[in-house]
Amino acid sequence: MRSLTMPLIVAALLVGCRDDPEPTPPDSGTQQQQDSGVAGDDAGVPGDDAGVAEDPLPSGPPVPQGPPNVPEFKPAFPGQTRVPAIQTKTPLQVTEIASGLRNPWAIAFLPDQRMLVTEKPTGSLYIVTQQGAKSPAVKGLPAVDARDQGGLLDVEVGPDYATSQLIYWTYSEPRQGGNGLAVARARLVDGASPRVENVQVIFRMMPTLDSTLHSGGRMVFTPDGKLFVTLGERSILAGRVQAQDVKSHLGKVVRIHPDGTVPQDNPYLNTPGAKPEIWSIGHRNVLSAALDSQNRLWTVEMGPQGGDEVNRPEAGKDYGWPTIGYGEEYSGAPIHQSTQAPGMEQPVYYWDPVIAPSGMTIYSGALFPEWRGNLFIGGLAAKALVRLMVRNDRVVGEEHLLKDLDSRIRDVVQGPEGALYLVTDATNGKVLKVTPR
Ligand SMILES: [Ca+2]
Numbered sequence: 256m257r258s259l260t261m262p263l264i265v266a267a268l269l270v271g272c273r274d275d276p277e278p279t280p281p282d283s284g285t286q287q288q289q290d291s292g293v294a295g296d297d298a299g300v301p302g303d304d305a306g307v308a309e310d311p312l313p314s315g316p317p318v319p320q321g322p323p324n325v326p327e328f329k330p331a332f333p334g335q336t337r338v339p340a341i342q343t344k345t346p347l348q349v350t351e352i353a354s355g356l357r358n359p360w361a362i363a364f365l366p367d368q369r370m371l372v373t374e375k376p377t378g379s380l381y382i383v384t385q386q387g388a389k390s391p392a393v394k395g396l397p398a399v400d401a402r403d404q405g406g407l408l409d410v411e412v413g414p415d416y417a418t419s420q421l422i423y424w425t426y427s428e429p430r431q432g433g434n435g436l437a438v439a440r441a442r443l444v445d446g447a448s449p450r451v452e453n454v455q456v457i458f459r460m461m462p463t464l465d466s467t468l469h470s471g472g473r474m475v476f477t478p479d480g481k482l483f484v485t486l487g488e489r490s491i492l493a494g495r496v497q498a499q500d501v502k503s504h505l506g507k508v509v510r511i512h513p514d515g516t517v518p519q520d521n522p523y524l525n526t527p528g529a530k531p532e533i534w535s536i537g538h539r540n541v542l543s544a545a546l547d548s549q550n551r552l553w554t555v556e557m558g559p560q561g562g563d564e565v566n567r568p569e570a571g572k573d574y575g576w577p578t579i580g581y582g583e584e585y586s587g588a589p590i591h592q593s594t595q596a597p598g599m600e601q602p603v604y605y606w607d608p609v610i611a612p613s614g615m616t617i618y619s620g621a622l623f624p625e626w627r628g629n630l631f632i633g634g635l636a637a638k639a640l641v642r643l644m645v646r647n648d649r650v651v652g653e654e655h656l657l658k659d660l661d662s663r664i665r666d667v668v669q670g671p672e673g674a675l676y677l678v679t680d681a682t683n684g685k686v687l688k689v690t691p692r
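So for the sequence shown, the working numbering puts the first residue at 256; every next one is plus one.
The structure is reproduced here in structure tokens:
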């Protein structure tokens, strides 16, 4: 275990983050975080920022970044993009917990503070201790379609794990005619040779398409026993057009019970032909999901060039894709006629150029009082841990932390003690812990 101490000042000298999609296609898949369990704490709501409630709003220039890709699109309200840069006061320490993980995608905490860590391309799940020891790969997981952005994605520990030992994961399921995101759960049999047993697929994104992109895949449990799953629209045109179609799961956020059944208050339950699991529509590729202290869902979706978005999806609402948005095709060709339309929601915040968002957590811990209620989002293209300060459901400050690591950050999760845990997206991927120095 190695400690790298880093004066926080780093955060200030950053490079502008251009939209450089890196390895894979358009937007190298990303992931999100998991507030497994801790989500409901009384931490600051984004919006009421417990720790710093009386501070004046930040002012000054935004985080240094390149020129916008689509300068003709203007924000719908002040503070929808490029808010003032802020700087964390607490000096940070970054500790390397583990390395040698092949493109890890997600972390989740077991009750004893060991972590479940997924590897996207290998389809392997590991148990990693706080001392960095890695178990053999957990046996019994089904095969994944690991091409491009597919593979083994998110993992969550079930809310009733103490009695059920159930864990949940998302993956690209190989199917006749292509693939699709699936959510599975199984009982984890812990020990020297861990395995899962009684694997059940509780949700399948439909229709199956032949695409290796934009599957979404983030999960978040709610304290009232539901499970949100974020989905993507597969990138290809045949999928993109379905983001507005309630007969398709593509480009949606869905809400199910942990056994896969449909909550009876889901918004499209009485719409003829609609997929009953749908919670919200009009998304591109939602890769981040977390609950705030009021247990409201926040998401970040990978936009096109110049169009990453923070949303707060509410039941039955339409988040606009592909009709409206702030970005353009990777070719530079236009996608949207307009950034606004009646009946379509505006993002809380957007980035142009993009950060290429990944996992997210909303901080509620005790180690960093100044961070309570803030959003922390892994940045792939940005190679930063992106911090957003929120007041009254608007973003009022932005910081790009850990730029000196020069690493694509794939997931960020709050640990049980209030530290932030990250995984980096690399062939030698790492688990890192961020604490006060
Ligand atoms: Ca949108």
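Idealized CB from N, CA, C, for every residue including glycine.
As the structure is a computational prediction, the values presented were derived from the model and not from experiment.
- Contact check for A353 against K375 fails: the beta carbons are separated by 9 Å or more.
- Per DSSP, the beta-bridge partners of H655 are V641.
- In this structure, the straight-line span from the alpha carbon of L542 to that of A447 is close to 32 Å.
- Short note on E556: C-beta closer than 8 Å to some heavy atom of ligand 1.
- For the 9 Å CB-CB criterion, K688 and Y676 form a contact.
- Taking a cut-off of 8 Å for Cβ pairs, the stretch 474 to 481 and the stretch 449 to 464 do not touch, as fewer than three such pairs fall below it.
- Between N434 and G472, the alpha-carbon positions lie close to 13 Å from each other.
- In the displayed model, V451 falls within a strand according to three-state DSSP.
- In this model, G561 and A417 are separated by some 43 Å (Cα to Cα).
- According to DSSP, V603 shares a beta bridge with no other residue.
- The three-state reading of DSSP puts A621 in coil, since its state is none of H, G, I, E or B.
- For R495, the enclosing alpha helix (DSSP H) stretches over residues 492 to 495.
- The nearest non-hydrogen atom of ligand 1 is 8 Å or more from the C-beta of W553.
- Under the DSSP definition of a beta bridge, S535 partners with V508.
- Between V565 and L468, the C-beta spacing is not below 9 Å.
- Within 8 Å of the C-beta of Y618 there is not a single heavy atom belonging to ligand 1.
- By the Cβ-count criterion, K685 is buried, with 16 or more other Cβ atoms from all chains shown falling within 10 Å of its own Cβ.
- For I632, the CB stays at least 8 Å from every heavy atom of ligand 1.
- For I664 against T679, the beta-carbon gap comes to about 6 Å, under 8 Å, which counts as contact.
- Within the same chain, Cβ atoms closer than 6 Å to the Cβ of H504 are found at M460, M461, L486, K530, the five residues on either side in sequence being excluded.
- Of the residues assessed, K394 falls on the exposed side of the cut-off, its CB having fewer than 16 other CB atoms within 10 angstroms.
- Bridge pairing for M370: F364, V383 [DSSP].
- Shown here, W576 sits in coil according to DSSP, grouped into three states, outside any helix or strand.
- The stretch 667 to 674 makes contact with the stretch 608 to 626; the number of CB pairs closer than 8 Å reaches 3 or more.
- At a threshold of 8 Å, P602 counts as near ligand 1, since its beta carbon sits closer than that to one of the ligand's heavy atoms.
- The stretch 356 to 363 makes contact with the stretch 407 to 423, as at least three CB pairs between them are under 8 Å.
- Listed in chain order, the non-local C-beta contacts of N453 below 8 Å within the same chain comprise A441, R442, local neighbours out to five positions each way being set aside.
- Closer than 8 Å to some heavy atom of ligand 1: that describes the Cβ of W576.
- Apart from the 5 residues on each side of it in sequence, P691 sits with its Cβ closer than 8 Å to the Cβ of T345, P346, L347, Q348, L622, F623 in its chain, given in chain order.
- Under DSSP, S427 takes part in a beta bridge, and its partners are L436.
- Note that the stretch 629 to 636 does not touch the stretch 583 to 597; fewer than 3 beta-carbon pairs, one per stretch, sit closer than 8 Å.
- I511 and G315 have their C-alpha atoms spaced approximately 43 Å apart.
- Going by DSSP, T690 is part of the beta strand (DSSP E) stretching over 684 to 691.
- For T679, there is no enclosing alpha helix (DSSP H); the enclosing beta strand (DSSP E) covers residues 675 to 679.
- By a beta-carbon distance limit of 8 Å, Y574 does not contact Y605. Their separation comes to about 12 Å.
- Here the distance from the Cβ of G580 to the nearest heavy atom of ligand 1 is below 8 Å.
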